[in-house]
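**Student:** Residue 6 is where the sequence shown starts when you use this note's numbering, and the numbers rise one by one after that.
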Amino acid sequence: MAKLFWGRIELTFGYSVFHFSKGGKLQSMLHSLKYQNKTQVGIFLGKEMGQELIKSGKNEKIDLIIPIPLHPEKERLRGYNQSDFLVKGMSNITSIPSDNNAVIRTVHTTSQTRKAKFDRWKNVDSIFQVKRPKQITGKNILLVDDVITTGSTLESCAKVLLENGASSVSIVVVASGT
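#1: I need the boundaries of the alpha helix (DSSP H) containing N97, first residue and last residue.
#2: Quick one: residues in its chain with C-beta nearer than 8 Å to the C-beta of E78, no 5 flanking neighbours on either side, listed in chain order?
#3: Roughly how many angstroms lie between the CA atoms of K27 and V178, to the nearest whole one?
#4: With the cut-off set at 8 Å, would you say T17 and K66 are in Cβ contact?
#5: Are there 16 or more other CB atoms within 10 angstroms of the CB of R110, so buried, or fewer, so exposed?
#6: Output needed for K60: all residues of its chain with C-beta closer than 8 Å, excluding positions within five of it in sequence on either side, in chain order.
#7: Report the three-state DSSP secondary structure of H36 (helix, strand or coil).
#8: Inspect the beta-carbon positions of L35 and V152 and report whether they are closer than 8 Å.
#9: Taking DSSP's pairing of strands, which residues face A180 in a bridge?
#10: Let me make sure I understand the geometry here. Which of P72, H76, S157 has the alpha-carbon closest to that of S103?
#11: What residue does the beta strand (DSSP E) around Q41 start on, and which one ends it?
#12: Kindly list the residues whose CB is nearer than 7 Å to the CB of F23, restricted to its own chain and excluding five residues on each side of it in sequence; keep chain order.
#13: Indicate whether I70 and I98 have their beta-carbon atoms separated by less than 8 Å.
#14: Assign N64 to one of three DSSP states: helix, strand, or coil.
#15: Closest by CA to S161, which one among Q56, S131, P74?
See below:
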């Protein structure tokens, strides 16, 4: 997965825990997390992500875990940010602190699901803002999201963190692939 970002943004590491395949059990789990209020699925998957992080030994290099934020309007409609529950599970297993409010999404974008690659990049350019710079300055940040396709959302958020003083950024997602 880290290859996706080569030449675009410097990451310490990046990986996905599972491979996503349409119609599979993981797709069903992620759908229930995002659209059926099954937040315990997020905590479960987050714990799996945390176990993988510990196995890799990379947990020692992380100071703070941050979920990819939803726009406040989207979060209000859904009732929660699914990535918050992934982070909760990871933090529970790894004992690494998390901050669900360090970064905010300032622009409400349309869904990326059916967009072409170039349109995905345009859709997420300059949509994040660091709300609490003191929280991230000098820290090794782990960004967490559910699924990665082109990496445009994660790249946009990582860029903002680095521009605002994060020492390094790494990325872990539940799944990659199509």
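Every residue gets a Cβ at the ideal spot worked out from N, C-alpha and C, and that includes glycine. Every value quoted in this text rests on a predicted model; they were computed, and no experiment measured them.
**Tutor:** Answer, in terms of the structure:
#1: 87–99
#2: H113
#3: 17 Å
#4: yes
#5: buried
#6: none
#7: helix
#8: yes
#9: F23, V152
#10: P72
#11: Neither: Q41 is in no beta strand (DSSP E) and is coded neither H nor E.
#12: L31, V179, A180
#13: no
#14: helix
#15: S131
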